[in-house]
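I have placed the structure first, in the form of structure tokens, so that the comments after it can refer back to it.
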Amino acid sequence: SQQGEEDPQALSIQEGENATMNCSYKTSINNLQWYRQNSGRGLVHLILIRSNEREKHSGRLRVTLDTSKKSSSLLITASRAADTASYFCATGNSGYSTLTFGKGTMLLVSP
Amino acid sequence: EAGVAQSPRYKIIEKRQSVAFWCNPISGHATLYWYQQILGQGPKLLIQFQNNGVVDDSQLPKDRFSAERLKGVDSTLKIQPAKLEDSAVYLCASSLPRLAGGLSYNEQFFGPGTRLTVL
Numbered sequence: 003s004q005q006g007e008e009d010p011q012a013l014s015i016q017e018g019e020n021a022t023m024n025c026s027y028k029t030s031i032n033n034l035q036w037y038r039q040n041s042g043r044g045l046v047h048l049i050l051i052r053s054n055e056r057e058k059h060s061g062r063l064r065v066t067l068d069t070s071k072k073s074s075s076l077l078i079t080a081s082r083a084a085d086t087a088s089y090f091c092a093t094g095n096s097g098y099s100t101l102t103f104g105k106g107t108m109l110l111v112s113p
Numbered sequence: 014e015a016g017v018a019q020s021p022r023y024k025i026i027e028k029r030q031s032v033a034f035w036c037n038p039i040s041g042h043a044t045l046y047w048y049q050q051i052l053g054q055g056p057k058l059l060i061q062f063q064n065n066g067v068v069d070d071s072q073l074p075k076d077r078f079s080a081e082r083l084k085g086v087d088s089t090l091k092i093q094p095a096k097l098e099d100s101a102v103y104l105c106a107s108s109l110p111r112l113a114g115g116l117s118y119n120e121q122f123f124g125p126g127t128r129l130t131v132l
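In order, the protein sequence lines correspond to chains A and B.
With positions in the first sequence counted from 1, the corresponding number in our numbering is that position plus 2.
With positions in the second sequence counted from 1, the corresponding number in our numbering is that position plus 13.
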């Protein structure tokens with residue numbers, strides 16, 4: 003079964019707008035990661051946030067984590083057409099454990 | 014640094030045939046994963062290796078799927094016999110857990126995947 007559930011399932015925006023995707027999970031974690039998957043390709047790691055962190059930034063990405071609500075959000079600012087992809091959250095509870103992926107959010111950024 | 018390599022990229026077979034996928038992880042990565050990704054869904058872990066030992070294969074359909082990681086480097090995943098529902102992308106990933114704040118974390122690096130179509 004999949005632990006993470008992304009919301010929305012699909013998101014369509016214009017270039018320059020911000021995109022926000024949410025992820026909810028069920029069990030305790032020690033880290034949450036976001037991955038991007040372009041059509042027909044493998045996943046690319048974007049950012050990792052640890053359970054004792056609340057917010058993290060990487061370039062145009064901002065991730066928040068609320069462990070009390072078991073939820074995370076990924077914000078992409080000033081989106082570009084090249085950001086068009088599927089975005090997955092994945093939860094882990096130790097360095098050697100498996101990651102459990104959600105079903106993903108499909109983001110379409112139109113020029 | 015070379016990424017995770019997988020072959021073949023595409024494979025079309027008929028049901029009840031056999032198929033094998035190959036993965037070469039990033040050099041030095043002790044942990045290797047095989048995932049199955051059905052269209053429209055997220056990756057589902059099939060098996061995880063730590064060096065050449067199996068850590069987790071609880072979701073591997075062992076009546077038809079098998080995997081090995083000889084010498085703790087390359088890995089092969091085999092399906093025999095294939096069913097229609099095995100049509101999916103098979104992803105290989107590797108990781109090298111790192112320590113921070115007394116805890117370990119594993120960012121995974123994925124290969125391009127093998128798209129399997131079973132007719």
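C-beta: ideal position from N, C-alpha, C; glycine also.
None of the values given here were measured: they were computed from a predicted structure.
To the nearest angstrom, how far is it from the Cα of N104/B to the Cα of K57/B?
Stepping through the second sequence from its first residue, residue 104/B is reached at position 91. Stepping through the second sequence from its first residue, residue 57/B is reached at position 44. Checking the sequence, you will find Leu at residue 104/B rather than Asn. Distance between the alpha carbons of L104/B and K57/B: 9 Å.
Quick one: does P9/B have its CB under 8 Å from some CB of chain A?
Residue 9/B is absent from the structure shown; chain B starts at 14 and stops at 132.
What do you get for Q4/A, buried or exposed, if any count of 16 or more other CB atoms within 10 angstroms of its CB means buried?
Here residue 4/A is taken as the residue at index 2 of the first sequence, counted from 1. Caution is warranted here: a pLDDT of 49 is assigned to Q4/A, below 50, making its placement in the model unreliable, and the coordinate value is therefore given only provisionally. Under this definition Q4/A is a buried residue.
Kindly indicate which residue of P38/B, E27/B, G16/B has the alpha-carbon position closest to the one of P89/B.
For the purposes of this step, residue 89/B is taken as the residue at position 76 of the second sequence. In the sequence on display, residue 89/B carries Thr and not Pro. Closest option to T89/B, Cα to Cα, is P38/B.
Just checking my contact of L97/B with K24/B at CB under 8 Å: how many whole Å lie between their CB atoms?
Sequence index remark: in the second sequence, residue 97/B carries index 84 (1-based). Sequence index remark: in the second sequence, residue 24/B carries index 11 (1-based). With 8 Å as the limit, L97/B and K24/B do not qualify as a contact, their Cβ atoms being about 14 Å apart.
Quick one: what does DSSP say K72/A is sitting in, helix, strand or coil?
The residue given as residue 72/A occupies position 70 in the first sequence. Correct three-state label for K72/A: coil.
List the residues of chain B that T100/A touches, going by C-beta distances under 7 Å, in chain order.
As a first step, residue 100/A is located in the first sequence; it is residue number 98 there, counting from the start. Correct list: L58, Q61, D69.
Contact set between G33/A and chain B, taken where Cβ atoms lie within less than 7 Å
Counted from its first residue, the first sequence places residue 33/A at position 31. Inspection of the sequence shows that residue 33/A is occupied by Asn rather than by Gly. Going along chain B in sequence order, the residues near N33/A (Cβ under 7 Å) are Y118.
Where E98/B sits in the DSSP three-state scheme
Residue 98/B sits at position 85 when you count from the first residue of the second sequence. Looking at E98/B - three-state DSSP - the assignment turns out to be helix.
Taking 8 Å as the threshold (C-beta atoms), are N119/B and G106/A in contact?
As a working mapping, residue 106/A is identified with position 104 in the first sequence. As a working mapping, residue 119/B is identified with position 106 in the second sequence. No, Cβ-Cβ distance for G106/A and N119/B is not below 8 Å.
From Y46/B to S30/A, what does the alpha carbon distance come to, in whole angstroms?
Here residue 46/B corresponds to residue number 33 of the second sequence, with the count starting at 1. Here residue 30/A corresponds to residue number 28 of the first sequence, with the count starting at 1. Going by the C-alpha atoms only, they are around 22 Å apart.
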